[in-house]
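J.: Following this message is one structure expressed as structure tokens.
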Amino acid sequence: MSHLSKVHHLMNHKSQILVYNDPEISFPNERFRFGLIPSGSTDAIVICTTGARDPVTSALQIIIGERLRLDIAQIVRWKTSQTSKHEPLVRYTASFAGYGFYGDVITESEKYRWMGPKRYDYAGTKVFLRHRSYEAEVAFVKVEPEETDARTDERRSKTCWGLSKDPKRVPCRAKCHICNTIQTSDPQQEPKLVRVRGRFLSIGAAVISCRNEKAPDGLVADAHLSDGFLHLVLIKHCPRAFYLWHLMQLARKGGSPLNFDFVEHYKTTTFTFTSFGEESVWNVDGEVLVAHKLSAQVFRGLVNVFASGPET
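Okay, so the sequence shown: first residue is 1 according to the UniProt record's numbering, each after it adds one.
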């Protein structure tokens, strides 16, 4: 579990009610900042906010008093199974929530905690060889620009399952103009609700790019730290060799993991999820969440961290 997840879980605990209700530390709060020192399995949040997996760099940015806003996504589990009653449970994620492959890996890895961080490689290999897909429906508010939609349509019109030309990326960097731009919306334009149902190898929701040592550009290279959007990545069922190609692109600097015909990538502010038939679990910042019905919403710049943003 990430440090941010732990803090939010504590804030929801009954013993923390007085603190949570104190207006002096309500969120967002300019005077309250999180200081993160890398010591986890991937340290994706630290790498994305400082540009390095280095305790000294993180400590120096805390000492200097750097400030950076960070989006947070609220995950609400409504039902654990198709037959269960409504039992809402709230979780928060600062980096990533994933279903299918990602949930199966975290579940499998729990059996091998004695292996340390290597357990994720071992568990990932086992889950990859099983090649399980799950039926689900995802509904979301589509907010991608028209030019991105055109690129998506162009990819889907191709007859092969190979790579298309990679669109220009705008990664998040220090003093990012995208994160610092005030968004305006047209009151006359109604939100476009999209529903996608099918069999998926994985469903991912990235709050940030999630850069780490195994994915140097992250799961979504152009995801930003504080733009108020989630990146939905839907991996449809495909031959194992194609999925391996996708994973290899993730592991390569400058790769194009999202530009396959079996990969759908959308930008949104909120989505809902419903599973059908055999179910996987959700991996929410490294913690297992069992959910048949789930919703997610991102809050722009909800927390501040001691960081300046990556330079490269």
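Glycine included, each C-beta is placed from N, C-alpha and C at the ideal position.
1. Figure out for me which residue from T312, P310, F306, E311 has the closest Cα to the Cα of R33.
2. Quick one: grab the DSSP three-state call for E264.
3. For the structure I just gave you, are there three or more beta carbon pairs, one from the segment 53-64 and one from the segment 256-271, closer than 8 Å?
4. Per the DSSP calculation, H231 is bridged to which residue(s)?
5. Spatial neighbours of Q297 within its chain, please: C-beta separation below 6 Å, excluding the five flanking residues on both sides.
6. Look up K236 in the DSSP assignment and say whether it is helix, strand or coil.
7. Looking only at its own chain, which residues have a Cβ that is under 7 Å from the Cβ of Y120, when we skip the five neighbours before and after it?
8. By the 10 Å Cβ neighbour count, where 16 or more other Cβ atoms means buried, how is N304 classified, buried or exposed?
9. Would the beta-carbon of R77 fall within 8 Å of that of A291?
10. Which residue or residues does DSSP assign as beta-bridge partners of S275?
11. If we ignore side chains and look at the alpha-carbon of each, how far apart do G293 and T80 end up?
12. In chain order, what residues of the same chain lie with their CB nearer than 8 Å to the CB of K214, ignoring the 5 residues before and after it?
13. How about V138 and I208: are their beta carbons less than 8 Å apart?
14. At 3 residues or longer, and completely inside the segment 67-131: list those beta strand (DSSP E) runs for me, N to C.
15. Would you kindly report the start and end of the unbroken beta strand (DSSP E) that includes S295?
16. What does the Cβ neighbour count give for F242, buried or exposed, with the cut at 16 atoms within 10 Å?
17. Around the Cβ of G277, are there at least 16 other Cβ atoms within 10 angstroms (buried) or fewer (exposed)?
18. Just to check my reading of the structure: F140 and T268 have Cβ atoms closer than 8 Å, yes? What is that Cβ distance to the nearest angstrom?
19. So, helix, strand or coil for V56, using DSSP?
20. Can you give me the C-alpha to C-alpha distance between D217 and P88, rounded to a whole angstrom?
21. Within a Cβ cutoff of 6 Å, which residues of the same chain sit near V233, ignoring the five residues on either side of it in sequence?
22. Between E287 and R31, what straight-line distance do the alpha-carbon atoms span, to the nearest angstrom?
23. Drop a sphere of 10 angstroms on the beta-carbon of A59, count the other beta-carbons inside from all chains shown, and report buried for 16 or more, exposed for fewer.
24. Which of the three DSSP states is assigned to L247 in this structure?
25. How many angstroms separate the CA atom of R113 from the CA atom of L193?
26. Cα separation between R300 and H177?
27. Measuring CA to CA, which of K85, L70, P239, L219 is closest to T93?
28. Quick one: Cα of P310 to Cα of R199, how far?
29. Cutting at 7 Å between CB atoms, please list the residues of its own chain near R240, excluding the five before and the five after it.
30. Following the continuous beta strand (DSSP E) through residue 314, name the residue where it begins and the one where it ends.
31. If we count the other Cβ atoms within 10 Å of its Cβ and call it buried at 16 or more, is G98 buried or exposed?
32. Could you check how far apart the C-beta atoms of S95 and D285 are, in whole angstroms? I think they sit under 8 Å.
T.: Considering the structure as presented:
1. F306
2. strand
3. no
4. A206, K267
5. Q74, T270
6. strand
7. S41, V105, S109
8. buried
9. yes
10. A136
11. Looking at the sequence provided, one finds Lys at residue 293 rather than Gly. Each residue's alpha carbon lies about 7 Å from the other.
12. T42, L250, A251
13. no
14. 68-79, 89-93, 96-100
15. 293-305
16. buried
17. exposed
18. 4 Å
19. helix
20. 34 Å
21. G204, H265
22. 29 Å
23. exposed
24. helix
25. 41 Å
26. 15 Å
27. L70
28. 36 Å
29. H131
30. With the chain covering 1 to 312 only, the question about residue 314 has no answer from this structure.
31. buried
32. 6 Å
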